[in-house]
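Enquirer: Chain order of the listed sequences is Z and C.
For reference, each letter of the first sequence is one residue, going 1 to 319 in full-length UniProt numbering.
For reference, each letter of the second sequence is one residue, going 1 to 319 in full-length UniProt numbering.
C-beta atoms are modelled at their ideal positions from N, C-alpha and C, and glycine is treated no differently.
There are 2 protein chains.
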Amino acid sequence: MTNPDKHVVTIGLSAAIVSVVDDLPSVLVVHAAGADDALPFGPFDPVAHRTLESGLRTWVGEQTYLDLGYVEQLYTFGDRGRHTLKPGENARVVSVGYLALTKQLGERNAPDSVWRDWYRYFPWEDWRIEKPAVIDEMILPALEEFVASAPDRSCAELRRDRVRLCFGDEDIGWDEEKVLERYELLYEAGIVSEAARDGRGGNDRISPLGDRMMFDHRRILATAIARLRGKMKYRPVVFELMPASFTLLELQRTVEAISGTRLHKQNFRRLVEDQGLVEGTGKFNSPPRGRPAELFRFRREVLRERPSPGVKLARQRTP
Amino acid sequence: MTNPDKHVVTIGLSAAIVSVVDDLPSVLVVHAAGADDALPFGPFDPVAHRTLESGLRTWVGEQTYLDLGYVEQLYTFGDRGRHTLKPGENARVVSVGYLALTKQLGERNAPDSVWRDWYRYFPWEDWRIEKPAVIDEMILPALEEFVASAPDRSCAELRRDRVRLCFGDEDIGWDEEKVLERYELLYEAGIVSEAARDGRGGNDRISPLGDRMMFDHRRILATAIARLRGKMKYRPVVFELMPASFTLLELQRTVEAISGTRLHKQNFRRLVEDQGLVEGTGKFNSPPRGRPAELFRFRREVLRERPSPGVKLARQRTP
DNA sequence: AGATATATACTCAAAACGAGCATAACAGGA
DNA sequence: TCCTGTTATGCTCGTTTTGAGTATATATCT
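#1: My parser needs the alpha helix (DSSP H) runs of 4 or more residues fully inside the region 120 to 156 of chain Z; what are they?
#2: Would you tell me roughly how many angstroms separate the C-alpha atoms of Glu-89/Z and Asp-169/C, rounded to the nearest one?
#3: Looking at Ser-26/Z: is its Cβ nearer than 8 angstroms to the Cβ of Trp-118/Z?
#4: Could you list which residues in chain Z have their beta carbon closer than 8 angstroms to that of Asp-36/C, in chain order?
#5: Run through DSSP, which three-state label would Gln-63/Z get?
#6: Are the beta-carbon atoms belonging to Val-278/C and Phe-296/C less than 8 angstroms from one another?
#7: Using 10 angstroms around the beta-carbon of Ile-129/Z, count the other beta-carbons present and answer buried if the total reaches 16, otherwise exposed.
#8: Just to check my reading of the structure: Leu-158/Z and Lys-233/Z have Cβ atoms closer than 8 angstroms, yes? What is that Cβ distance to the nearest angstrom?
#9: Can at least three beta-carbon pairs, one atom from the region 212 to 221 of chain Z and one from the region 245 to 258 of chain Z, be found at a separation below 8 angstroms?
#10: Under the criterion of a Cβ to heavy atom distance below 7 angstroms, does Ala-38/Z qualify as lining the ligand FMN?
#11: Would DSSP call Gln-252/Z helix, strand or coil?
#12: Given a threshold of 16 other Cβ atoms within 10 Å of its Cβ, counted over all protein chains shown, does Ala-244/Z qualify as buried or as exposed?
#13: Specify the secondary structure class of Ala-226/Z as computed by DSSP and reduced to three states.
#14: Can you give me the start and stop residues for the beta strand (DSSP E) that Arg-116/Z sits inside?
#15: Going by DSSP, what residues sit across from Val-192/Z in a beta bridge?
#16: Can you check which of these residues, Arg-50/Z, Ala-100/Z and Glu-62/Z, is closest to Gln-73/Z by C-alpha distance?
#17: Can you round the beta-carbon distance between Leu-68/Z and Arg-50/Z to whole angstroms, since I take them to be within the 8 angstroms contact cut?
#18: Please classify Lys-178/Z as buried or exposed, where buried requires at least 16 neighbouring CB atoms within 10 angstroms.
#19: Residues in the same chain with beta-carbon distance under 7 angstroms from Val-29/C, minus the five sequence neighbours each way, listed in chain order, please.
#20: Closer than 8 angstroms between beta carbons: that is the criterion. Which residues of the region 157 to 168 of chain Z meet it against chain C?
#21: Where Thr-64/C and Leu-180/C are concerned, what is the direct C-alpha to C-alpha distance, given to the nearest angstrom?
#22: Are three or more beta carbon pairs between the region 181 to 195 of chain C and the region 141 to 150 of chain C nearer than 8 angstroms?
#23: Tell me whether Leu-263/Z is buried or exposed, calling it buried when 16 or more other Cβ atoms sit within 10 Å of its Cβ.
#24: Taking the CB atoms as reference points, tell me whether Ile-17/C and Pro-43/C lie closer together than 8 angstroms.
#25: Compare the C-alpha of Phe-77/Z against each of Leu-248/Z, Ile-206/Z and Leu-13/Z and name the closest.
#26: State yes or no: is the C-beta of Phe-167/C within less than 8 angstroms of the C-beta of Arg-153/C?
#27: Residues of chain Z with CB closer than 7 angstroms to the CB of Gln-73/C, please, in chain order.
#28: Between Pro-292/Z and Glu-62/Z, what straight-line distance do the alpha-carbon atoms span, to the nearest angstrom?
#29: Taking C-alpha atoms, which residue in Glu-194/C, Ile-220/C, Thr-281/C and Leu-221/C lies nearest to residue 322/C?
#30: Look at Arg-299/Z and Gly-276/Z and say whether their C-beta atoms are less than 8 angstroms apart.
#31: Let's see if you can read the secondary structure: which residues bound the alpha helix (DSSP H) around Val-272/C?
#32: Check for me: the beta strand (DSSP E) holding Thr-76/C runs from which residue to which?
#33: Quick one: what's got a C-beta closer than 6 angstroms to Gly-230/C's C-beta in the same chain, skipping five residues either side?
#34: Leaving out the 5 sequence neighbours to the left and right, which residues in its chain are closer than 8 angstroms to Asp-45/Z when beta-carbon positions are compared?
#35: Taking Val-94/C as the reference, give the member of Leu-105/C, Arg-80/C and Tyr-121/C with the closest Cα.
#36: Whose Cβ in chain Z lies nearer than 7 angstroms to the Cβ of Arg-50/C?
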């Protein structure tokens, strides 16, 4: 309390703006040649804005011409050293991360922002086709080194448990919600190239694991994916990403794209219909092959009825 | 970006430090005669502290001599006008709220901080004995006024729905997790006395509903209760509040104290045991009457086994 | 028509859940 | 000692939810 100046910081607002098209979950990033990708971000101006969220909406609107529908605060990061431009620099920025969902209507219009498949930054998170080879080929060996390099036995035990919980084994399977835990583990183990950049021990014998991002933006994106994967299950937020009408398979593919797993088709249909989340429109699509599927729409009334349920994942066993 | 000074704010860290003794969920508040209760809070010093959380732990340790075990970030509030000392004043503080769980060991030692039953601030949230009378006698009538005073028909509809979702009706019951939604509704409706203090329309014909708190601390506490009520169900966090050994009824009473509802005893036992959350110690207590109960301990191993489950609420129907 | 592909309906067993009954183990008083 | 009140603990039973299929319907293409 002595010198008020020493408590002064700048607040940065970062947004993971997400949309899904054609089974590709994408995030809007600011891309410049030669630099790491960044999430759209800007400083919070306490004079101009009444709330943090309105500040975010304003400059996202200015920069990307997007009208954000659903917006949710994720987390506030203030770690020293994880928001550096160049090694050694130490401007203190506290960054508040947001998750926003949008429909990617109209044309791309923001200056140098592009939609990017989010699995480009997290190649180990997409299990839709199969378990990503990078896990067994690169990640787990590198993490074993991390365990082995522990200063003492009990620390090694802790590290081993963390690896098991994050990446699973025979007993405990894959938990698609642990996106942040996995990224943080890789960061601490120096496997992810932000670690070296931030001046932490980086294991440079390893080819970079996923694309790097500016500042702590990959951490914010990990938080966003984790939150969305979890929230989807108990709140009907997927519909923020869907067009006005859609087939049940399209809905399922969107959920799968986000969760990075495959679902059981018949049971997915049962869940969604039984919960009254959607209603048929009576119209059908005309697919190139196969039986036409009915087009459904989101029943907005569910938001006013029961404590709004989400889209449960009817998990599929490995076939 | 023009003038960097205009982006400068102070970050306040506030902590809802929670413990449960004898079925009373309590929160540590700083109490001064003539002033509203406050959560322990202090500014974040970016020079001295590497992370927000370490800043919090440090000054909470200094101020309360408590060693926080479990700490979790809740939310970052930056609303103009909700962190005022006196009406009209407008120091811009962004406050990061935290939830901390502790065991209330040893003696109270902090200067003027005291443990307070949290239902003192939220009398409508405790349904353990019965539905709190204040809901039907004061809250719902006042909220009906709020609905009636809507500027137009569609706004009235929205307000009516919010009231229904927050406080339930015959169809949708009570959702104990909507603590924050309820508080915010009461704030907007001017029923809670912070509203008048912050210069928003306050309905002063109503006797104050629960104790007021300083700044936006009642909102932070609402967030904390909501988060704890939810998290308890899928993560074994209650055990942070329990002594080393306890009977299953003591555990149940703690869960009930937090959730503000009653649980089915036999089913609670079944859930907790089947999930392997606890193990018997072979020792028994000696109660004044009735059969002695076995003392259990938390199985710390669950944290290393399956994606750690929480204490599900085996809800009791109204008898 | 037959092959192929997708949509949708229905079945069936296992697991989880909600409610309650039954019995066990203690204290104190008749 | 036996009865009563009280709490703990074990067990049952019907319902719901879930996971995994099988069966059938409706398209297109050859």
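Expert: For this structure:
#1: 140 to 148
#2: Taking the first sequence and counting its residues from 1, the one referred to as residue 89/Z is at position 89. Taking the second sequence and counting its residues from 1, the one referred to as residue 169/C is at position 169. In this prediction, Glu-89/Z has a pLDDT of 46, which is less than 50 and means its spatial position is unreliable; nothing more can be read from the coordinates.
#3: Here the question's residue 26/Z lines up with position 26 in the first sequence. Here the question's residue 118/Z lines up with position 118 in the first sequence. Taking a C-beta distance under 8 angstroms as the contact criterion, Ser-26/Z and Trp-118/Z qualify as a contact pair.
#4: Within the second sequence, numbered from 1, the residue matching residue 36/C stands at position 36. For Asp-36/C, no chain Z residue has a C-beta closer than 8 angstroms to its own C-beta; the minimum C-beta separation is roughly 20 angstroms.
#5: On the first sequence, position 63 is the one that residue 63/Z refers to. Helix at Gln-63/Z.
#6: Residue 278/C sits at position 278 when you count from the first residue of the second sequence. Residue 296/C sits at position 296 when you count from the first residue of the second sequence. Yes; because the gap between Cβ atoms is below 8 angstroms, this pair is in contact.
#7: The residue given as residue 129/Z occupies position 129 in the first sequence. Burial call: exposed.
#8: As a first step, residue 158/Z is located in the first sequence; it is residue number 158 there, counting from the start. As a first step, residue 233/Z is located in the first sequence; it is residue number 233 there, counting from the start. In fact, because the Cβ distance is near 29 angstroms, the residues do not count as touching under 8 angstroms.
#9: Judged by Cβ distances under 8 angstroms, the region 212 to 221 of chain Z makes no contact with the region 245 to 258 of chain Z, as fewer than three pairs qualify.
#10: Of ligands this structure carries none, so the ligand FMN is not represented either.
#11: Locating residue 252/Z in the first sequence gives position 252, counting from the first residue. DSSP places Gln-252/Z in helix when its eight states are reduced to three.
#12: Reading the first sequence from its first residue, position 244 is the one you call residue 244/Z. Result: exposed.
#13: On the first sequence, position 226 is the one that residue 226/Z refers to. It is helical.
#14: Here residue 116/Z refers to the residue found at position 116 of the first sequence. Segment 113 to 117, the beta strand (DSSP E) holding Arg-116/Z.
#15: If you number the first sequence from 1, residue 192/Z lands on position 192. DSSP, once it has assigned bridges, lists no residue as partnering Val-192/Z.
#16: If you number the first sequence from 1, residue 73/Z lands on position 73. Nearest C-alpha to Gln-73/Z: Ala-100/Z.
#17: The residue given as residue 68/Z occupies position 68 in the first sequence. The residue given as residue 50/Z occupies position 50 in the first sequence. About 17 angstroms separates the two Cβ atoms, so there is no contact after all.
#18: To locate residue 178/Z, count along the first sequence from 1; it is residue 178. Looking at its Cβ environment, which holds 16 or more other Cβ atoms inside 10 Å, Lys-178/Z is buried.
#19: Counting from 1 along the second sequence, the entry for residue 29/C is found at position 29. Answer for Val-29/C: Asp-37, Ala-38, Leu-39, Ser-113, Val-114 and Arg-116, listed in chain order.
#20: Asp-161, Arg-164 and Leu-165
#21: The residue you call residue 64/C lines up with position 64 of the second sequence. The residue you call residue 180/C lines up with position 180 of the second sequence. Thr-64/C and Leu-180/C: Cα-Cα distance of roughly 26 angstroms.
#22: yes
#23: Here residue 263/Z corresponds to residue number 263 of the first sequence, with the count starting at 1. The residue in question, Leu-263/Z, is buried, as its Cβ has 16 or more Cβ neighbours within 10 Å.
#24: As a working note, residue 17/C is residue 17 in the second sequence. As a working note, residue 43/C is residue 43 in the second sequence. No, the Cβ-Cβ distance between Ile-17/C and Pro-43/C is not below 8 angstroms.
#25: Residue mapping note: residue 77/Z aligns to position 77 of the first sequence, counting from 1. Nearest option by C-alpha distance: Leu-13/Z.
#26: Taking the second sequence and counting its residues from 1, one reaches residue 167/C at position 167. Taking the second sequence and counting its residues from 1, one reaches residue 153/C at position 153. Going by C-beta atoms, Phe-167/C is not nearer than 8 angstroms to Arg-153/C.
#27: Residue numbering aside, residue 73/C sits at position 73 when the second sequence is read from its first letter. The answer, in chain order, is Tyr-75 and Thr-76.
#28: Taking the first sequence and counting its residues from 1, the one referred to as residue 292/Z is at position 292. Taking the first sequence and counting its residues from 1, the one referred to as residue 62/Z is at position 62. Answer to the nearest angstrom: the Cα atoms are 41 angstroms apart.
#29: Examination of residue 322/C is not possible in this model, given that chain C is present from 1 through 319 alone.
#30: Sequence index remark: in the first sequence, residue 299/Z carries index 299 (1-based). Sequence index remark: in the first sequence, residue 276/Z carries index 276 (1-based). Contact: yes.
#31: As a position in the second sequence, residue 272/C is number 272, starting the count at 1. Element bounds for Val-272/C: 265 to 274.
#32: Taking the second sequence and counting its residues from 1, the one referred to as residue 76/C is at position 76. Its beta strand (DSSP E) spans residues 70 to 77.
#33: The residue you call residue 230/C lines up with position 230 of the second sequence. The residues are Glu-177.
#34: For the purposes of this step, residue 45/Z is taken as the residue at position 45 of the first sequence. The answer, listed in chain order, is Gly-55.
#35: Within the second sequence, the letter at position 94 stands for residue 94/C. Among Leu-105/C, Arg-80/C and Tyr-121/C, the Cα nearest to that of Val-94/C is on Arg-80/C.
#36: Along the second sequence, read from residue 1 onward, the residue named residue 50/C stands at position 50. Per Cβ cutoff of 7 angstroms: Asp-79 and Arg-80.
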